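Student:
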Amino acid sequence: MTTRLDRAVGAVLGSAVGDALGAPYEFGPAGELAARGAEMRGGGGWEPGEATDDTQMAVLVGESLLEHDGLELPDIFGRFQRWAAGGPKDIGLQTEDVLTSGAPWDLAAALHFQANARAAGNGSLMRASTSAVYFAADGRDPTMDAARRIAALTHGDRAAWEGTAVLHELVRIALDGADPLAALPEVLAAVHPEHRERYGRVLDPGWHPGLATEFNGAVWPCMGSAVWALRTTADFAEAVRAAVNLGGDTDTVAAVTGTLAGACYGQAAIPPEWTAAVHVPLPGFGPRVLGADELRELARGLAEPGGL
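Per the numbering used here, residue 124 is the first one in the sequence shown, and the count goes up by one each step.
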């Protein structure tokens, strides 16, 4: 029987595995993973099993939550800044602009959004596995609120906040042992009214990624694609492969899918050959590289404050 703790570890480790599996195929065409049959073999500048900025930032969030025994937004922003200055291989343009602007933590994203009027990328969604696990035991409103506040550090568009809040809540439901797909109507009811209709479309059972009106680097189709991958498959590996085979922003779509699938199926469902390869460098924080065991330890620490 899969325990709550197993599912919590599955969410964090599953996100990292999805990220690493998808990284070599980022911005490539649909079906490339299936066509090449290459899993965790690297490529595109990535080592086999190497996780990207998605997991690196998730680790920074998780470690801040543990070290401060809760949400300390200036600390998370400072860690992000240190990481960005460390020269990561990959960093979203919007996130980089916000972190290097010199503006204070509580204004940087808002000022960027004010100047650019575009900030609905999936960059806050990609890093949410650790915070979703940490806040799950607090209930629906607290976990969704925490998601919004962390997202707002780098994304000034409320659309990004709401997508991250949806992911937090779906993980909470899955960790409780319930079906997150069956709970989607209730989750949507908790989305900000101005964004409920758009999320309702991409999370509807009749939606599929072919109906997306934006590139899946945007928060709506990324979230919708991850839910679609979970809905249309029967196990962890199938879900993550389906996400990567969509093409486009493969690492992030697969990271979000891995978060959901890991929370549903638990850590034992993740193929061992994938976990054996996964590793997470942390630019700006010395020569640190986290492997699967370190990710499991991080996940357990995040889960334990909630009484798991």
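All C-beta atoms, glycine included, are put in the ideal place defined by N, C-alpha and C.
These figures come from a predicted structure and were not determined experimentally.
For the region 170-244, list the alpha helix (DSSP H) runs that are entirely contained and at least 4 residues long, ordered along the chain.
Tutor: With a minimum length of 4 residues, the continuous alpha helix (DSSP H) runs that stay inside the region 170-244 are 176-190, 196-208, 216-222, 231-239.
Student: If we count Cβ pairs, one from each stretch, closer than 8 Å, do we get three or more for the region 317-330 versus the region 225-234?
Tutor: Not touching, per the Cβ criterion.
Student: Between the region 235-246 and the region 331-346, are three or more C-beta pairs nearer than 8 Å?
Tutor: Yes, the region 235-246 is in contact with the region 331-346.
Student: Report yes or no: do three or more beta-carbon pairs, one from the region 386-402 and one from the region 137-144, lie closer than 8 Å?
Tutor: Counting Cβ pairs under 8 Å, three or more are found: they touch.
Student: Helix, strand or coil: which one does DSSP assign to Asp374?
Tutor: It is helical.
Student: With a cut-off of 8 Å on the beta carbons, I'd call Gly370 and Gly151 a contact; round off their distance for me.
Tutor: With a Cβ gap of about 6 Å, Gly370 and Gly151 count as contacting.
Student: Just checking my contact of Thr266 with Leu188 at CB under 8 Å: how many whole Å lie between their CB atoms?
Tutor: Their Cβ separation, rounded to whole angstroms, is 12 Å, which puts Thr266 and Leu188 out of contact at 8 Å.
Student: Let's see if you can read the secondary structure: which residues bound the beta strand (DSSP E) around Pro404?
Tutor: Pro404 -> beta strand (DSSP E) spans 402-404.
Student: Would you call the CB atoms of Val221 and Thr277 closer than 8 Å?
Tutor: It is a contact, given that the beta carbons lie within the stated cut-off.
Student: Whose CA, out of Gly185, Ile214, Val350, Leu334, lies closest to the CA of Ala269?
Tutor: Of the listed residues, the one whose Cα sits closest to Ala269 is Gly185.
Student: Taking 8 Å as the threshold, find out whether the region 159-177 comes into contact with the region 229-240 through three or more Cβ pairs.
Tutor: Result no; under three Cβ-Cβ pairs closer than 8 Å.
Student: Going by beta-carbon coordinates alone, are Gly407 and Arg250 separated by less than 8 Å?
Tutor: The answer is no: Cβ separation not under 8 Å.
Student: Could you check the C-alpha separation between Ala444 and Val294 for me, to the nearest Å?
Tutor: Only positions 124 to 431 of the chain appear in this structure, which leaves residue 444 out of reach.
Student: Over the uninterrupted alpha helix (DSSP H) stretch that includes Leu304, give me the two end residues.
Tutor: Note, Leu304: premise wrong, no alpha helix (DSSP H); not H, not E.
Student: Tell me, please, which residues DSSP counts as bridged to Leu413.
Tutor: For Leu413, which the question treats as bridged, DSSP gives the partners Val403.
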